[in-house]
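Peer 1:
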Amino acid sequence: MNNKNKIKLIASGITLCFCAAAVGAVSVVSSRNGGGAAPAALMQDNELPVIILDAGHGGFDGGCVSAEGVPEKGINLSILLRLRDMLELSGYDVEVTRDSDISIHDSGVEGLSNQKSSDMDNRLALFNKYDNAVCVSIHQNQFTDPVYSGAQMFYSNSDSRSEQLARSLQSSFTELLQPDNKREIKLCGKELFLCYYSDNPTVMAECGFLSNPAEASLLNTEEYQEKVALTLFYGINRFVNGK
Ligand SMILES: [Zn+2]
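Sequential numbering from 120 applies to the sequence shown in my numbering.
(1) Got a sec, what are the start and stop residues for the alpha helix (DSSP H) G354 sits in?
(2) Using the C-alpha atoms, what's the distance from G227 back to C307?
(3) Cα separation between L349 and D240?
(4) What does the alpha-carbon distance come out to for the pair S275 and A186?
(5) May I have all residues whose beta carbon comes closer than 5 Å to any heavy atom of ligand 1, sorted in chain order?
(6) Does the contact criterion of 3 or more C-beta pairs under 8 Å hold for the region 254-265 versus the region 293-303?
(7) Can you give me the Cβ contacts of Y343 inside the same chain, cut-off strictly under 8 Å, excluding the 5 residues immediately before and after it?
(8) For V359 and S281, I'd like the C-alpha separation in whole angstroms.
(9) How would you label T340, buried or exposed, when you count the other beta carbons within 10 angstroms and need 16 or more for buried?
(10) Give me, in chain order, the residues of the same chain whose beta-carbon lies closer than 8 Å to that of F312; leave out the 5 immediate sequence neighbours on both sides.
(11) Taking 9 Å as the cut-off, decide whether the C-beta atoms of I257 and L329 are in contact.
(12) Does D299 pass the burial test, meaning 16 or more other C-beta atoms within 10 Å, or should it be called exposed?
(13) Taking 9 Å as the threshold (C-beta atoms), are I170 and F246 in contact?
(14) Nearest by alpha-carbon distance to R217: which of G175, E207 and I194 is it?
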């Protein structure tokens, strides 16, 4: 089965549950409804973790920009909103850092630099709001050489489960969307503020390169954004289920 068909099958599986891959994807639903054993890995008191999603940048901060002038902030948000719907349909409580094109700095803060700092502090506060949360920050990548493409996951060092989450998400991209992706997960440094200072299992998902024209055009379509959201959904779900 090619990857395009796999994605379509899994998309159908959210509601119809008929392909092997989708069985994992919907097992959370069945356990919430009392069927089957409770998912093991992250469960505390049989509760699903709260999923915290961050759409990188927003408002005055567009993030990186494609050659055609499309900023990543809108792509990040579109993927987040789709992913939120999928997770909520599967029974998760989901909180997001933003659901529109805004910076979430405190009111009254003056100056772009101070506003950016306040914005990041507020995002981090949400990442660390719960003891039992799984956090994913959605971004797009950029490099001087346009040849590079493909998703890459960066993980936090503060919770050992972050690496496992990154592996699940990275392999989901390879299995479902980008079969030629050979990228490896990486430990994040302090420059990835949210990821570095988060106390919960946290991954910064660089979903693709806006500096690669072909990938940038894909990322700018709703169809591909839906596929990326589904890939992240599958990876998060598999991590929560301990598979
Ligand atoms: Zn970014």
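Glycine included, C-beta positions come from ideal geometry on N, C-alpha and C. The structure presented is a predicted model; accordingly, all values stated were derived computationally and were not measured.
Peer 2: On the basis of the data shown:
(1) E341 to V359
(2) 32 Å
(3) 28 Å
(4) 30 Å
(5) With 5 Å as the limit, the residues whose C-beta approaches a heavy atom of ligand 1 more closely than that are G175, G182 and H258, in chain order.
(6) No: the two stretches stay apart, fewer than three of their Cβ pairs being nearer than 8 Å.
(7) L337
(8) 12 Å
(9) exposed
(10) M239 and L243
(11) For I257 and L329, no; Cβs fall outside 9 Å.
(12) exposed
(13) Contact flag unset, no.
(14) G175
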